[in-house]
Every structure is written in C-alpha cells, then in structure tokens.
Amino acid sequence: MSKIAPGKSIAELTTLLQSKQVSASEITQAYFEQINQFEKDINAFITPMADQAMAQARQIDADIAAGKTTGPLAGVPVAVKDNICVQGVKTSCGSKILGDFSSQYEATAIQNLRAAGAVIVGKTNLDEFAMGSSTEHSAFKRTKNPFDLDCVPGGSSGGSAAAVAAGFAVTALGSDTGGSIRQPAAFCGVVGMKPTYGMVSRFGLVAFASSLDQIGPFARNVEDCAMTLAAVSGHDPKDSTSLPNPYRDNNPKNYPQLTFDFVRNLVKESPEEHLKGLRIGVIKELVGEGIEPDVRDSILEAAKLLTRLGATVDEISLPHSKYALPVYYILATAEASANLSRFDGVRYGLRDKEAADILSMYQNTRHEGFGSEVKRRIMLGTYALSSGYYDAYYKKAQQVRRLITQDFTGVFANYDLVLSPTAPSCAFKIGEKTDDPLQMYLGDIATIPANLAGLPGISLPSGLGTAKMPVGLQLLGSPVSDSLVVKAAYALEKALNLDLRPPYLKEPACKN
Ligand code: GLN
Numbered sequence: 001m002s003k004i005a006p007g008k009s010i011a012e013l014t015t016l017l018q019s020k021q022v023s024a025s026e027i028t029q030a031y032f033e034q035i036n037q038f039e040k041d042i043n044a045f046i047t048p049m050a051d052q053a054m055a056q057a058r059q060i061d062a063d064i065a066a067g068k069t070t071g072p073l074a075g076v077p078v079a080v081k082d083n084i085c086v087q088g089v090k091t092s093c094g095s096k097i098l099g100d101f102s103s104q105y106e107a108t109a110i111q112n113l114r115a116a117g118a119v120i121v122g123k124t125n126l127d128e129f130a131m132g133s134s135t136e137h138s139a140f141k142r143t144k145n146p147f148d149l150d151c152v153p154g155g156s157s158g159g160s161a162a163a164v165a166a167g168f169a170v171t172a173l174g175s176d177t178g179g180s181i182r183q184p185a186a187f188c189g190v191v192g193m194k195p196t197y198g199m200v201s202r203f204g205l206v207a208f209a210s211s212l213d214q215i216g217p218f219a220r221n222v223e224d225c226a227m228t229l230a231a232v233s234g235h236d237p238k239d240s241t242s243l244p245n246p247y248r249d250n251n252p253k254n255y256p257q258l259t260f261d262f263v264r265n266l267v268k269e270s271p272e273e274h275l276k277g278l279r280i281g282v283i284k285e286l287v288g289e290g291i292e293p294d295v296r297d298s299i300l301e302a303a304k305l306l307t308r309l310g311a312t313v314d315e316i317s318l319p320h321s322k323y324a325l326p327v328y329y330i331l332a333t334a335e336a337s338a339n340l341s342r343f344d345g346v347r348y349g350l351r352d353k354e355a356a357d358i359l360s361m362y363q364n365t366r367h368e369g370f371g372s373e374v375k376r377r378i379m380l381g382t383y384a385l386s387s388g389y390y391d392a393y394y395k396k397a398q399q400v401r402r403l404i405t406q407d408f409t410g411v412f413a414n415y416d417l418v419l420s421p422t423a424p425s426c427a428f429k430i431g432e433k434t435d436d437p438l439q440m441y442l443g444d445i446a447t448i449p450a451n452l453a454g455l456p457g458i459s460l461p462s463g464l465g466t467a468k469m470p471v472g473l474q475l476l477g478s479p480v481s482d483s484l485v486v487k488a489a490y491a492l493e494k495a496l497n498l499d500l501r502p503p504y505l506k507e508p509a510c511k512n
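Take the sequence shown: its position 347, counting from 1, is numbered 347 in this note's numbering, and each next residue is one higher.
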C-alpha cells in the first residue's frame with residue numbers, strides 16, 4: 001500500500017518531498033499503482049513509461065540525498081500526449097503510419113519539464129495526428145471519460161485529460177490546434193490551458209497545422225496548470241515562431257511574465273484582489289443558439305459570480321466568429337496536407353515493401369497507414385490549396401482569419417478578458433458523432449477563434465450539467481496576457497470552490 005493517495009497538488013507533493021515524508025520513488029510508485037489498477041477501464045496511455053519514470057525518480061531522490069537543489073516540479077508525475085517527442089520513446093501520434101518509430105531527440109517542452117524535475121510517466125492517447133474532438137480517431141484504443149465510461153473524454157488530447165482526471169498523473173501536456181486542450185479538459189472536469197501562440201516551443205511537437213498548434217498543460221487546478229506552463233514556456237531558438245524572452249518586452253500592457261514566482265505570489269493574495277476592476281466580456285454568439293441550456297446556465301451563473309466579486313461583466317459581440325469554423329477547417333486542413341506529406345513510407349515507420357514501384361509504395365503505405373479522418377483532411381486541404389481554388393478558399397480564409405483577429409483586437413481595447421463556454425455541450429456518448437464529421441466539427445465553435453487569433457485561453461470546470469457531467473468555462477485574453485488569464489481563472493476557481501472527482505479519485509486507497 002503506497003504512502004500517498006493520487007489526486008494531490010504540486011504544492012502538496014513538493015511539501016511532502018522536501019520534508020522527506022515521501023521520496024520521489026514512492027510518489028512515482030503510488031501513481032503507477034493507480035495506473036495499474038484503473039488504466040484497463042480508462043485507456044489513457046499508448047505507452048506507459050514505468051521503468052523510465054522510476055529511474056528518473058531514483059535520480060531525483062539521489063539528488064535530494066546529496067543536498068543538490070531540485071526543480072520546482074521535482075518528483076511530479078506528468079503525462080505527455082503522444083505527438084510530443086520524448087527521446088528514445090515511441091511517438092505514434094495515434095497513427096499506424098509511424099509504425100514503431102522512436103524519437104531521436106527530445107521536444108524542448110520535455111527538456112524544460114525534465115529540467116524542472118518532473119517525472120514523465122507515459123505517452124497518452126489522442127485522435128490520429130491530433131485531428132478530432134473525441135479521441136475516437138486514435139488507431140489504437142478508445143479512451144473513456146473517467147466521469148462516465150460510456151462517454152468520450154473529448155479530444156484530441158483525450159488521453160492526457162483522462163490521465164489527469166483519473167489520478168494517473170498530476171499534470172499533463174497536450175497540444176491545442178483548435179481546442180484540443182481546452183475541450184477535453186472541459187469534458188473531464190480538469191483545467192486546461194492553451195497559451196499564447198509562441199509561448200511554448202513547438203520544437204518536437206509533430207506538426208498538424210503549424211500556424212495554430214500550441215503545446216499547453218492540463219491539471220486538476222489552475223495553480224498546477226500555471227506551474228506546468230511556467231516550466232515549459234520560454235524562448236527557443238529552434239522554433240522560429242517562439243516568442244522572445246522575456247515576452248513582456250513586446251507587450252504594451254506590460255503583463256508580468258508567467259514564472260514560478262508569479263504563481264507562488266498569486267496564491268498568497270486574496271482572490272477578490274485579482275478580480276476587482278477587471279472588465280470581462282461575455283461572447284453573445286456563444287451563449288445563445290446551439291449551446292446546451294445546462295452549459296449556458298452554468299456559464300451565466302459564473303458571470304454573475306464574477307460581478308459579485310467586483311469584475312464588470314458585459315455582453316460583447318464577435319461578429320465574424322460565425323465564420324471561424326469554416327475558416328479553421330480550410331486553413332488547418334491546408335496546413336495539414338503540407339505537414340503530413342512527410343509521411344510517405346520513406347522517412348518514418350510503416351512501408352509497403354512489396355510495392356512494384358515507388359508511386360504504389362507511397363499510395364499503399366498511406367492507404368494502409370492513415371485513418372479515414374486524416375485522409376479526409378488531407379484531401380480537403382489539398383483541394384483548398386490547388387491552383388484554381390487557392391484564391392477562393394485558402395486566400396479567402398486567411399482574409400477572414402484577419403477579420404476574426406480584428407474583432408478580438410476591438411474587444412480587448414475595452415475589455416481585459418472574454419468569457420464563454422468551452423464547448424456547446426458536456427461530454428457526449430462514445431460513437432454518438434463518429435458517423436457525422438460535421439456534427440463533430442461544430443463542437444469546436446467556442447475554442448477555434450482563440451487559435452485563429454493566437455490568444456491565450458483556459459478552460460476550468462464551472463459545475464455539473466444535467467447528466468452530472470462536468471461543464472467547462474473558457475476565459476480568453478489578448479496575446480501574451482497569459483498571466484492575467486491565469487490570475488482571473490485562479491480567483492474564479494477559488495470562488496466556485498468545486499472539487500470535481502470522478503469515482504476513480506473518490507476514495508483514495510490510503511490517505512496520507
Ligand atoms: N477538434 C479540432 C480538430 O478536429 C481541434 C483539434 C486540435 O486542437 N488538435 O481539428
């Protein structure tokens with residue numbers, strides 16, 4: 001029986017570790033006990049990394065014993081979406097086409113995590129190449145929602161969200177191209193954040209749509225989410241779109257940089273202080289038609305709470321947001337069709353070795369290796385980029401993307417943050433939308449605008465819907481205002497005072 005129960009925060013684990021009440025090895029062991037007991041129900045991982053994690057934990061224990069200073073995430077178990085490269089470990093992207101490809105190098109975000117002392121516990125399931133909203137497009141397994149095993153965990157980072165919700169890891173990394181961190185966080189009752197585009201290096205993240213992709217954290221609370229973001233963010237010369245360091249240099253409003261100290265100070269102050277005087281806009285288009293009533297009510301309740309806590313809350317409009325979905329599904333597929341051309345049977349994993357000539361080798365490998373959603377998107381993107389259609393689709397979508405960004409710029413001239421649901425509904429049933437891709441795409445309506453405009457956004461639980469499934473609330477800020485987004489989310493989380501626990505975390509095997 002382990003000395004600690006899963007579900008602890010980074011601060012709790014750090015205190016236990018630094019006061020030598022538990023070792024990093026014992027923490028890792030406790031999380032693997034939880035994984036071994038419940039992973040068969042949840043299917044969060046493609047590659048659990050027990051041996052590597054234990055070796056890492058032993059090293060941390062040795063460092064502590066030798067009196068060396070350890071990082072702020074020392075001994076903290078972290079799960080990683082399987083489209084982020086961990087050196088020497090299989091990277092599958094949820095696809096058959098990568099075969100048993102193992103990463104030659106480490107993503108910068110992973111290097112940063114290790115430097116902070118985090119212990120990588122495994123690579124998590126995802127929709128193939130991060131294309132999807134339910135993790136049902138994984139070539140390997142169906143991840144279940146820890147709150148209801150008949151429901152999807154959301155996607156595409158469903159494995160990471162479910163791992164955190166089920167207590168398999170304290171925090172996790174995902175990638176968010178159109179909502180793939182925020183929406184699964186909402187569905188699984190955890191916190192998930194998409195940082196400002198460029199805040200976290202994309203080096204070592206397998207590209208889906210490069211102008212939209214961003215790595216970000218999941219956690220059971222805002223503080224842990226922010227600590228993980230502080231660990232992974234920072235300028236990286238290996239990613240040309242990575243923001244300069246410190247990024248506040250570029251910022252007219254001079255937001256403080258989201259560092260470990262920023263987070264530590266944040267939790268010492270009173271939540272009311274964080275919200276007083278903040279101007280928050282509720283996106284009119286996202287609390288009306290098409291949003292389930294239980295979700296809408298939960299968001300509007302939270303808006304009232306924010307007013308009581310001293311914020312000014314008004315309804316605002318983003319008139320071009322109605323075009324966000326078509327714009328995204330043209331641009332993201334166009335970029336994907338270019339990015340995925342590298343999977344041709346020559347460079348990575350799978351190859352049809354029997355093919356008569358090189359063209360049939362490409363064709364057969366891709367036919368065999370890619371799933372139907374990925375094929376659909378490559379075809380859509382190739383069509384949008386083909387001569388004759390480029391101006392009508394790709395160029396037009398870029399122009400409308402600019403209009404959507406300008407809507408936000410206008411709003412942020414008068415407001416600090418905007419509020420909306422993270423998704424139009426709570427988690428849906430497994431299989432409910434697999435035959436209707438458009439229905440699936442419509443669920444991304446609230447998350448996609450932030451990717452198109454490069455904004456930071458966080459999803460945190462705002463309550464339970466009618467089916468007793470978690471509802472997610474989204475706060476968005478202007479570019480590089482990540483610290484402000486975190487601050488407001490932290491205060492709101494405190495005021496809401498929810499502790500959503502799925503059955504897997506209800507009765508810890510042994511309380512510390
Ligand atoms: N659900 C969206 C899609 O299918 C977003 C995916 C993502 O953010 N990676 O493209």
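Every residue gets a Cβ at the ideal spot worked out from N, C-alpha and C, and that includes glycine.
The structure displayed is predicted, hence computed values, not measured ones.
Using C-beta distances below 7 Å, list every residue in its chain close to F428, excluding the 5 sequence neighbours before and after it, in chain order.
Closer than 7 Å at the Cβ level, and outside the excluded window around F428, lie C151, V152.
What separation, rounded to the nearest whole angstrom, lies between the Cα atoms of A65 and E106?
A65 and E106: Cα-Cα distance of roughly 27 Å.
What is the DSSP secondary structure of R377, counted as helix, strand or coil?
Looking at R377 - three-state DSSP - the assignment turns out to be helix.
Between F208 and ligand 1, is the CB less than 7 Å from at least one heavy atom?
For ligand 1, at least one heavy atom lies less than 7 Å from the Cβ of F208.
Rounded to the nearest angstrom, what separates I280 and A11 at their Cα positions?
Those two C-alpha atoms are separated by around 30 Å.
Can you look up E39 in the DSSP assignment and give me helix, strand or coil?
E39 falls in the helix class under three-state DSSP.
If we ignore side chains and look at the alpha-carbon of each, how far apart do S386 and G88 end up?
Rounded to whole angstroms, S386 to G88 spans 38 Å at the Cα level.
Nearest to Y348 by CA position, among T91, G179, T69, is which residue?
Y348 has its Cα closest to that of T91, out of T91, G179, T69.
At the level of alpha carbons, what is the spacing between K81 and L16?
Approximately 27 Å, taken between the alpha carbons.
Got a sec? Which residues, its chain only, sit under 6 Å from I110 by beta carbon, not counting five neighbours each side?
Counting only Cβ-Cβ distances below 6 Å, and skipping sequence neighbours, we find V86.
Could you pull the DSSP bridge partners for G174 from this structure?
Beta-bridge pairing links G174 to G216.
Since K487 is in the alpha helix (DSSP H), which residue starts that stretch and which ends it?
Where K487 is concerned, the enclosing alpha helix (DSSP H) stretches over 482 to 496.
Thinking C-alpha only, which one of V76, T47, S23 is nearest G7?
Of the candidates V76, T47, S23, the one whose C-alpha sits nearest the C-alpha of G7 is V76.
Taking 7 Å as the limit between beta carbons, can you name the residues of its chain near A488, skipping five residues before and five after?
Excluding residues within five positions, the ones whose Cβ falls inside 7 Å are H274, L275, L278, L417, L475.
Under the assumption that L419 contacts I299 (Cβ atoms under 8 Å), give the Cβ distance between them as a whole number of angstroms.
Rounded, the Cβ-Cβ distance is 7 Å, consistent with contact.
Quick one: measure Cβ to Cβ for L496 and L305, integer angstroms, because I've assumed they're closer than 8 Å.
With a Cβ gap of about 7 Å, L496 and L305 count as contacting.
Please classify A450 as buried or exposed, where buried requires at least 16 neighbouring CB atoms within 10 angstroms.
The residue is buried, with at least 16 neighbouring Cβ atoms inside 10 Å.
Excluding the five sequence neighbours on either side, which residues of its own chain have a C-beta within less than 6 Å of the C-beta of P508, listed in chain order?
Low confidence applies here, because P508 scores a pLDDT of 45, under 50, leaving its location unreliable and the question unanswered by this model.
Output needed for D100: all residues of its chain with C-beta closer than 8 Å, excluding positions within five of it in sequence on either side, in chain order.
Closer than 8 Å at the Cβ level, and outside the excluded window around D100, lie K90, G349.
Would you say the segment 56 to 75 touches the segment 185 to 192, given that touching needs at least three Cβ pairs under 8 Å?
Cβ pair count under 8 Å is below three, so no.
Please classify S321 as buried or exposed, where buried requires at least 16 other C-beta atoms within 10 Å of its C-beta.
When all chains shown are included, S321 counts as buried.
Given a cut-off of 8 Å, decide if A219 and C225 are closer than it, judged by their beta-carbon atoms.
Yes, they are a contact pair.
Count the other CB atoms within 10 Å of the CB of S19; is the residue buried (16 or more) or exposed (fewer)?
Exposed, because fewer than 16 other Cβ atoms sit within 10 Å of the Cβ of S19.
In whole angstroms, what separates the C-alpha of N512 from that of P502?
Only weak support exists for where N512 lies, its pLDDT of 38 falling under 50; the value from the coordinates is given anyway. Using only the alpha carbons, I get a separation of about 19 Å.
CA-CA distance, D436 and E373?
Those two C-alpha atoms are separated by around 11 Å.
Kindly indicate which three-state DSSP category M193 falls into: helix, strand or coil?
Strand at M193.
Could you please give the first and the last residue of the uninterrupted alpha helix (DSSP H) stretch that includes E223?
Taken as a continuous stretch (DSSP letters only), the alpha helix (DSSP H) holding E223 covers 222 to 232.
Hey, would you say the C-beta of T135 is under 7 Å away from at least one heavy atom of ligand 1?
Incorrect: T135 has no Cβ contact closer than 7 Å to ligand 1.
Can you tell me where the alpha helix (DSSP H) with S160 in it begins and where it stops?
Run containing S160: 158 to 165, per the alpha helix (DSSP H) assignment.
Using the three-state DSSP reduction, which class does S341 fall into: helix, strand or coil?
DSSP places S341 in helix when its eight states are reduced to three.
What residue range is occupied by the uninterrupted alpha helix (DSSP H) comprising E128?
Run containing E128: none; DSSP gives neither H nor E here.
Do you know offhand how far Y393's Cα is from L473's?
If I take the Cα positions, the gap works out to 32 Å.
Give the single residue among G234, L331, R296 whose Cα lies nearest to the Cα of P421.
Comparing Cα positions, the closest option is R296.
For ligand 1, is there a heavy atom less than 7 Å away from the beta-carbon of S95?
No, ligand 1 has no heavy atom inside 7 Å of this Cβ.
What distance in whole Å lies between the Cβ atoms of C93 and V206, which are believed to be in contact at a cut-off of 8 Å?
At roughly 5 Å, the Cβ-Cβ gap stays under 8 Å, so V206 and C93 are in contact.
Comparing alpha-carbon positions, which option in V200, P424, M227, D261 lies nearest K238?
Answer by Cα proximity: V200.
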